[in-house]
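Read through the structure below, which is laid out as structure tokens, and then see the notes.
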Amino acid sequence: MSHVTEATPGPARPQGTVGGGNAVVGYLGGIRDVVVLEMKQRLRSRGWYIMLGIWFVVIAIVTWLTWLAWNASMESRRSFGEPTQDAAGSMVFEVVLAFVLLFGLLVAPALSANAINGDRAGGTLAILQITLLTPGQILWGKFCAGWLAALAFLGTSAPFLVFGMFQGGLTPGHVLVSLLMLAVELAAICGLGVGISALAGRPLFSIVVTYLVVAALVVGSLISFALGSQLAQGTVLANSPVSHSVPYAPLTPDGSEPVVPVTPVEPGFTCEGPLVEQRAFRTERVAWMLALNPYVVVADAIPYPDRSGAAFYSVGLLEGISQSARTALAGPEHSYQCANGVVQPQYLKQTTPLWPLGLTLQVVLTSLLMWLGWRALRTPARGLARGTRIA
Amino acid sequence: MSIATTSNTPNPGALSGALGVSAKGVSRHFGAVHAVEHVDFRAPAGKVTALIGPNGAGKTTLLLMLASLLKPDSGTITIDGLDPAQDRAAVRLRIGWMPDTLGVWESLTAREILVQMARFYRLPAARIPQRVADLLELVRLDTLADQPARVLSRGQQQRLSLARALVHDPSVLLLDEPASGLDPGSRVELRKLLRSLAGEGKAVVVSSHVLSELDEIADGAVFVNQGRTVKQQTIEEAALAGRRYAVTALDSEALMAKLRELGVEFRVEAGRRPAVTLLLTHDAGAAALLSELVTSGIGVVSFAPATGALEETYMNLETEQR
Chain A
637 MSHVTEATPG
647 PARPQGTVGG
657 GNAVVGYLGG
667 IRDVVVLEMK
677 QRLRSRGWYI
687 MLGIWFVVIA
697 IVTWLTWLAW
707 NASMESRRSF
717 GEPTQDAAGS
727 MVFEVVLAFV
737 LLFGLLVAPA
747 LSANAINGDR
757 AGGTLAILQI
767 TLLTPGQILW
777 GKFCAGWLAA
787 LAFLGTSAPF
797 LVFGMFQGGL
807 TPGHVLVSLL
817 MLAVELAAIC
827 GLGVGISALA
837 GRPLFSIVVT
847 YLVVAALVVG
857 SLISFALGSQ
867 LAQGTVLANS
877 PVSHSVPYAP
887 LTPDGSEPVV
897 PVTPVEPGFT
907 CEGPLVEQRA
917 FRTERVAWML
927 ALNPYVVVAD
937 AIPYPDRSGA
947 AFYSVGLLEG
957 ISQSARTALA
967 GPEHSYQCAN
977 GVVQPQYLKQ
987 TTPLWPLGLT
997 LQVVLTSLLM
1007 WLGWRALRTP
1017 ARGLARGTRI
1027 A
Chain B
122 MSIATTSNTP
132 NPGALSGALG
142 VSAKGVSRHF
152 GAVHAVEHVD
162 FRAPAGKVTA
172 LIGPNGAGKT
182 TLLLMLASLL
192 KPDSGTITID
202 GLDPAQDRAA
212 VRLRIGWMPD
222 TLGVWESLTA
232 REILVQMARF
242 YRLPAARIPQ
252 RVADLLELVR
262 LDTLADQPAR
272 VLSRGQQQRL
282 SLARALVHDP
292 SVLLLDEPAS
302 GLDPGSRVEL
312 RKLLRSLAGE
322 GKAVVVSSHV
332 LSELDEIADG
342 AVFVNQGRTV
352 KQQTIEEAAL
362 AGRRYAVTAL
372 DSEALMAKLR
382 ELGVEFRVEA
392 GRRPAVTLLL
402 THDAGAAALL
412 SELVTSGIGV
422 VSFAPATGAL
432 EETYMNLETE
442 QR
């Protein structure tokens, strides 16, 4: 056994074990290696391409139908002599965006929620754990791979958003912000999925749990907001609105554009009388629940012009969501008609956006699950999920 | 042996006596099940150590703890004198682990799998292709190197798994049932390979219940049952404990008469052909008995060990357990 003490470096001398800067490069390199491994496997499965193809076709159909529907409604408006103007043209963009988000929320769990326990079931997780890879590298690698796959789906739908942009007279900025927010939402869901898959024993269970969490974010946030508002009953000091006689500009008889509404017509009332406590829903206390909703986050992040003062405007879907969310955040102090005796315009000039709060909450939730997942991946492992083997 | 020239040399400061794997008083339970209870285990460098026990004896759990994947509830484990909890990376570089579940990335080719593993062990990128090619040749998968792993047979995947454990040239090899699913030719090769790896100074731990295999390759054996170390012995000690020989002759009656005359205790075995077996403690005694039988005109057809040395111990332990 003399040669065991030889000082010749073996071929397995690792790189990057010296130096602080190298440590970061080494850490990222490990993540990249895991991503490469994951992507190679994904790109070789036919199911992935089939899913991508179905996604493309479905979104194409949705876009086409929306465009037909919009054209038809414009046509009928024209035949009845109604004005056919403005932002309704963004309907194609909005419907496609909402649809892409819906599909993204459905696909992201499938791409991520079996990342860890699927490997555990296949016996390949321990193969990674036995190497120099750290739990963090494995987790981040799996997350990035899942997210990249989800982004491929998003990339496939980008042409339709661009089509919507041209139809609706929107700017490339709208498309960029939308794509960015969709990408962030997909990242949050992928993080949830990877974290849950590290915690749950069986892939089926973690996929179902991830879908339930997504459902809780989309539907549960609305339900809990609605119920929460009921519980958050309070009062607001307000007096009574008194209507003015000619608040609105009349339509011209021939149906063409109204001529006068250059001057502001809002508010159509003044506030008079003593301040009285009025019952109101203190929605600002529960607005954070609404903020958890991915649709609210995406819709609220997309910019739209300030329309206070405009007489007529048709609110698009996203703008409507954003306005409702911001009204909820503002609470009755700013949305009740004569709160504190001040005229509160119907169109809310609430400039505090809700989406940063929502995104923060989502990131906190995702980080928590990722952290718990990281704990579950540490080796030597102390506790194991019931009924699972580490290898 | 072109492949493994030098092992990962441990720190000069490490005691040479501590080389290899050692576990002291290691216990691990899963819920109410005590998978491993106070096991002592020692696998010195340069030797092949067999880990023997019936199904569910705690072999895999012990190997997982030795591989630094599972934390023992109590007890200490050292790999080349290093504590896995303290020097994780250093220990990982020294351990090559082959699991009992194959766990291959099915859509990757054999070559890609080994390249990925080499990257995970942070081998210098320039040396990876050559290293992988050498390993593929070593386990005779060079012709199948660019086939997806899913088309490989179980035995081929088993060999790939062995190559994967060797990719970073570890100084300790922990192999869980490496021979299962291998054809006889591959078994002989595995045996040769393990002997040569031990010859290079690696500590090789092989768990198995195919005892006839282990007789040929193991230098020592640790018997575990119901989570406890039942016995630790070298092959020489096992051989000294006595071995059962089976003897058949053209005329069984004459053979038995002669044995009675010699005063040797024997028993008649129920088998395809009438045979007697008897316990002999050393090889010289066997040679003397054979020559005695032949010279007295008994037509001896066969005279051979009925069981391997380890199997003898194993079967004795089994009966003691009951």
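Read top to bottom, the protein sequences are chains A and B. To get the working numbering, take the position in the first sequence, counting from 1, and add 636. To get the working numbering, take the position in the second sequence, counting from 1, and add 121. Virtual Cβ for every residue (Gly too), placed ideally from N, Cα, C.
Requested in this report: Assign B:K313 to buried or exposed, taking buried as 16 or more other Cβ atoms, counted over all protein chains shown, within 10 Å of its Cβ.
Outcome: Residue 313 of chain B sits at position 192 when you count from the first residue of the second sequence. B:K313 should be labelled exposed.
Can you give me the C-alpha to C-alpha distance between B:S111 and B:N346, rounded to a whole angstrom?
What is shown of chain B runs 122 to 443, which leaves residue 111 of chain B out entirely.
- Query: Hey, out of B:I216, B:D336, B:A247 and B:L380, whose CA is closest to B:R316's CA?
  - Reply: Here residue 316 of chain B corresponds to residue number 195 of the second sequence, with the count starting at 1. Out of B:I216, B:D336, B:A247 and B:L380, B:D336 has the C-alpha closest to the C-alpha of B:R316.
Exercise for the section: Consider the Cβ of B:K192: report whether some Cβ of chain A lies at a distance smaller than 9 Å. Expected result: Looking up residue 192 of chain B in the second sequence gives position 71. Answer yes: the Cβ-Cβ gap between B:K192 and chain A drops below 9 Å somewhere.
- Considering only C-alpha positions, which residue in the set A:F735, A:V932 and A:L664 is nearest to A:F861? Reading the first sequence from its first residue, position 225 is the one you call residue 861 of chain A. Among A:F735, A:V932 and A:L664, the Cα nearest to that of A:F861 is on A:V932.
### Task
Report yes if the CB atom of A:V667 is closer than 9 Å to the CB atom of A:M817, and no otherwise.
As a first step, residue 667 of chain A must be located in the first sequence, where it is residue number 31. As a first step, residue 817 of chain A must be located in the first sequence, where it is residue number 181. According to the sequence provided, residue 667 of chain A is Ile. The question's Val does not apply to it. No, the Cβ-Cβ distance between A:I667 and A:M817 is not below 9 Å.
Which residues in the same chain have their Cβ closer than 8 Å to the Cβ of A:L806, if we skip the five residues on either side of it in sequence?
-> Counted from its first residue, the first sequence places residue 806 of chain A at position 170. These residues qualify, in order along the chain: S726, F729 and G800.
Quick one, which residues of the region 737 to 760 of chain A are near chain B if we go by CB-CB under 7 Å, in chain order? G758, G759 and T760
(request) Assign B:K379 to one of three DSSP states: helix, strand, or coil. (result) Start at 1 with the first residue of the second sequence, and residue 379 of chain B comes out as number 258. Three-state result, B:K379: helix.
For this session: Using the DSSP secondary-structure output, state which residues sit across from A:P877 in a beta bridge.
Result: Position 241 of the first sequence, counting from 1, holds the residue named residue 877 of chain A. A:P877 pairs with A:C907.
| task | Taking 9 Å as the cut-off, decide whether the C-beta atoms of B:D201 and B:D297 are in contact. | result | What you label residue 201 of chain B is simply residue 80 of the second sequence in a count that begins at 1. What you label residue 297 of chain B is simply residue 176 of the second sequence in a count that begins at 1. Contact: no.
Using a Cβ-based criterion (distance less than 8 Å to any ligand heavy atom), does B:N346 qualify as near the ligand ZN? This structure does not include the ligand ZN; it has no bound ligands of any sort.
Less than 9 Å between the C-beta atoms of B:F162 and B:Q353, yes or no? Here residue 162 of chain B refers to the residue found at position 41 of the second sequence. Here residue 353 of chain B refers to the residue found at position 232 of the second sequence. Their beta carbons are under 9 Å apart, which means B:F162 touches B:Q353 by this criterion.
Three or more beta-carbon pairs under 8 Å between the region 681 to 691 of chain A and the region 245 to 256 of chain B, yes or no?
no
Euclidean distance between Cα positions of B:H494 and B:I216: Nothing can be reported for residue 494 of chain B, as the shown portion of chain B is limited to 122 through 443.
Between A:L1005 and A:G831, is the Cβ-Cβ spacing less than 9 Å?
By one-based count along the first sequence, residue 1005 of chain A stands at place 369. By one-based count along the first sequence, residue 831 of chain A stands at place 195. It is a contact, given that the beta carbons lie within the stated cut-off.
Just to confirm the assignment, what range does the alpha helix (DSSP H) spanning B:S189 have? Residue numbering aside, residue 189 of chain B sits at position 68 when the second sequence is read from its first letter. Where B:S189 is concerned, there is no enclosing alpha helix (DSSP H), given that its DSSP letter is neither H nor E.
So, helix, strand or coil for B:H289, using DSSP? Start at 1 with the first residue of the second sequence, and residue 289 of chain B comes out as number 168. In this structure, B:H289 counts as coil in the three-state DSSP scheme.
Beta-carbon within less than 6 Å of A:G829's beta-carbon, same chain only, minus the 5 sequence neighbours each way: which residues are those? Taking the first sequence and counting its residues from 1, one reaches residue 829 of chain A at position 193. Answer for A:G829: P745, S748, A749 and T846, listed in chain order.
### Message
With H, G and I counted as helix, E and B as strand and the rest as coil, what does DSSP make of A:A724?
### Response
By 1-based counting over the first sequence, the position of residue 724 of chain A is 88. In this prediction, A:A724 scores a pLDDT of 49, lower than 50, which makes its location untrustworthy; the coordinate-derived value is nonetheless stated afterwards. If DSSP states are grouped into helix, strand and coil, A:A724 belongs with the helices.
Practice item. Say whether the region 758 to 770 of chain A touches the region 691 to 702 of chain A, bearing in mind that this needs 3 or more beta-carbon pairs closer than 8 Å, one atom from each stretch. Key: no
| field | Beta-carbon proximity of B:V326 to B:L431, cut-off 9 Å | value | Along the second sequence, one-based indexing puts residue 326 of chain B at 205. Along the second sequence, one-based indexing puts residue 431 of chain B at 310. Contact flag unset, no.
Inset, instruction - In the DSSP assignment, find the unbroken alpha helix (DSSP H) run with B:P220 in it and report its ends. - result: Taking the second sequence and counting its residues from 1, the one referred to as residue 220 of chain B is at position 99. That residue, B:P220, is in no alpha helix (DSSP H); it is neither H nor E in DSSP.
Task: Exposure label - A:L679; buried when at least 16 CB within 10 Å - done: One-based indexing of the first sequence puts residue 679 of chain A at position 43. By the 10 Å Cβ count, A:L679 comes out exposed.
Q) What three-state label does DSSP hand B:S128 in the structure shown? A) The residue given as residue 128 of chain B occupies position 7 in the second sequence. Caution is warranted here: a pLDDT of 43 is assigned to B:S128, below 50, making its placement in the model unreliable, and the coordinate value is therefore given only provisionally. Three-state result, B:S128: coil.
Q) If we cut at 9 Å on Cβ distances, does B:T222 have a partner in chain A? A) Sequence index remark: in the second sequence, residue 222 of chain B carries index 101 (1-based). At least one chain A Cβ lies under 9 Å of B:T222.
Buried or exposed for A:N875, going by 16 or more other Cβ atoms inside 10 Å? Start at 1 with the first residue of the first sequence, and residue 875 of chain A comes out as number 239. Flag for A:N875 reads buried.
* **Option nearest A:A964 by Cα separation, candidates A:A781, A:T1002, A:V736 and A:R921** => Here residue 964 of chain A is taken as the residue at index 328 of the first sequence, counted from 1. Minimum Cα distance to A:A964 is reached at A:R921.
To which residues of the same chain is B:P426 closer than 8 Å at the C-beta, ignoring the five residues directly before and after it?
On the second sequence, residue 426 of chain B is found 305 positions in, with the first residue counted as 1. Cβ neighbours of B:P426 beyond the five flanking positions: R364, R365, Y366 and A367.
| If we ignore side chains and look at the alpha-carbon of each, how far apart do B:R275 and B:K323 end up? | Counting from one through the second sequence, the residue named residue 275 of chain B turns up at place 154. Counting from one through the second sequence, the residue named residue 323 of chain B turns up at place 202. Rounded to whole angstroms, B:R275 to B:K323 spans 26 Å at the Cα level.
What are the boundary residues of the beta strand (DSSP E) that A:A825 is part of?
Here residue 825 of chain A corresponds to residue number 189 of the first sequence, with the count starting at 1. As written in the sequence, residue 825 of chain A is Ile, which differs from the Ala given in the question. Here A:I825 belongs to no beta strand (DSSP E); instead the alpha helix (DSSP H) covers P808 to L835.
Of the choices A:T919, A:V736, A:Q959 and A:G804, whose alpha-carbon is the least far from that of A:W703?
Along the first sequence, read from residue 1 onward, the residue named residue 703 of chain A stands at position 67. Closest option to A:W703, Cα to Cα, is A:G804.
Mind checking if A:L764 is an interface residue toward chain B, Cβ cutoff 9 Å exclusive? Counted from its first residue, the first sequence places residue 764 of chain A at position 128. With 9 Å as the cut-off, A:L764 counts as an interface residue toward chain B.
Quick one: Cα of B:G348 to Cα of B:H155, how far?
For the purposes of this step, residue 348 of chain B is taken as residue 227 along the second sequence, with counting starting at 1. For the purposes of this step, residue 155 of chain B is taken as residue 34 along the second sequence, with counting starting at 1. Answer to the nearest angstrom: the Cα atoms are 7 Å apart.
**Prompt:** Going by the beta-carbon positions, is the gap between B:S192 and B:M186 smaller than 9 Å?
**Reply:** On the second sequence, residue 192 of chain B is found 71 positions in, with the first residue counted as 1. On the second sequence, residue 186 of chain B is found 65 positions in, with the first residue counted as 1. Note that residue 192 of chain B is Lys in the sequence shown, not Ser. In this structure, B:M186 lies closer than 9 Å to B:K192 by Cβ.
Among the candidates A:A927, A:V912, A:C780 and A:E711, whose CA atom is the shortest distance from the CA of A:V978? The sequence position of residue 978 of chain A within the first sequence is 342, counting from 1. When each option's Cα is compared against that of A:V978, the closest is A:V912.
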